[in-house]
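Residue numbers (this note's numbering): 398 to 642. Glycine included, C-beta positions come from ideal geometry on N, C-alpha and C. Presented below is the structure to which this report refers.
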């Protein structure tokens, strides 16, 4: 559960918004998941929810309009202290043994224009809106990520998909950068990373989608050719192998 708030302004400030779950998934025959928005502020807010296809091309995130997953309702008016359920509905079949990635964008829409008498006060105010991007993963029939699999799923024919992440160092923009490579059929969520021998890891938040690559926001270590890259992936510690050339 996340509590989101924009910075204060002289007049209207964006209302704090609580959103959950922050890691929604769509699996099995129930081809929808509920996303809850709760207004923790003092004013009614208008929220828009949109879903974009998410891919990674040459190490960078790409978001594209799509119709495979829709939000219902797409726009909501939420009074103070109230909550709104938005259903994220998969309208198209996902192939078996596959994970598809989407980003759910939640935007606070601007408030209505002020009356003429309030125009002067409004002109001096800075109005900020909330935007938050939530990852959504959709799985094919009888397919689950490892974190959701249990003993029963291992014997009923369910395919358990997992990431397979390695790393390399490549030149980009005139400098060396660390590039992560995921050859698995499930995403990897990195929350920390660090080089062997350096002690503490660096906090990060990075996703590497299935069969994709992503730049990692960590500098290559001196003599990186002889070092190991350690990371926390999907909540578990892992030593990542160097990618074969």
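Query raised in the report: Would you report the Cα separation of residue 628 and residue 506, rounded to the nearest angstrom?
Result: 38 Å
Query raised in the report: Per DSSP, residue 539 is paired with what?
Result: Residue 539 pairs with nothing; no bridge assigned.
Query raised in the report: Thinking just about the alpha-carbon of each residue, which of 427, 498 and 442 is nearest to the one in residue 434?
Result: 442
Report task. Find the nearest neighbour of residue 420 within the set 426, 414, 427 and 432, judged by alpha-carbon distance. Result -> 432
Requested in this report: Would you mind working out which of 638, 470, 482 and 612 sits nearest residue 570, comparing C-alpha positions?
Outcome: 612
Requested in this report: Taking all protein chains shown into account, decide if residue 626 is buried (16 or more other Cβ within 10 angstroms of its Cβ) or exposed.
Outcome: buried
Query raised in the report: Is it a yes or a no for the stretch 553 to 567 touching the stretch 445 to 454, going by three-plus beta-carbon pairs under 8 Å?
Result: no
Query - Endpoints, the beta strand (DSSP E) within which residue 481 is located - result: 480 to 487
Query raised in the report: Thinking just about the alpha-carbon of each residue, which of 427, 423, 533 and 482 is nearest to the one in residue 460?
Result: 533
Query raised in the report: In chain order, what residues of the same chain have a beta carbon less than 8 Å from the beta carbon of residue 429, not counting five sequence neighbours either side?
Result: 423, 484, 485, 486 and 487
Query raised in the report: Exposed or buried, which one is residue 623 when buried takes at least 16 other CB atoms within 10 Å?
Result: exposed
Query raised in the report: Which of the three DSSP states, helix, strand or coil, is assigned to residue 441?
Result: coil
Query raised in the report: With 16 other CB atoms within 10 Å as the buried threshold, where does residue 609 fall?
Result: buried
Query - residue 503 versus residue 634: straight-line alpha-carbon distance, rounded - result: 31 Å
Report task. Give the single residue among 528, 438, 497 and 566 whose Cα lies nearest to the Cα of residue 541. Result -> 497
Query raised in the report: Can you list, in chain order, the residues of its chain whose CB lies under 8 Å from that of residue 617, leaving out five sequence neighbours each side?
Result: 566, 573, 574 and 575
Query raised in the report: Hey, how far is the Cα of residue 470 from the Cα of residue 455?
Result: 34 Å
Query - For residue 495, three-class secondary structure by DSSP - result: coil
Query - Contact with chain D by residue 588, beta-carbon distance below 7 Å - result: Here chain D cannot be found, since the structure has a single protein chain.
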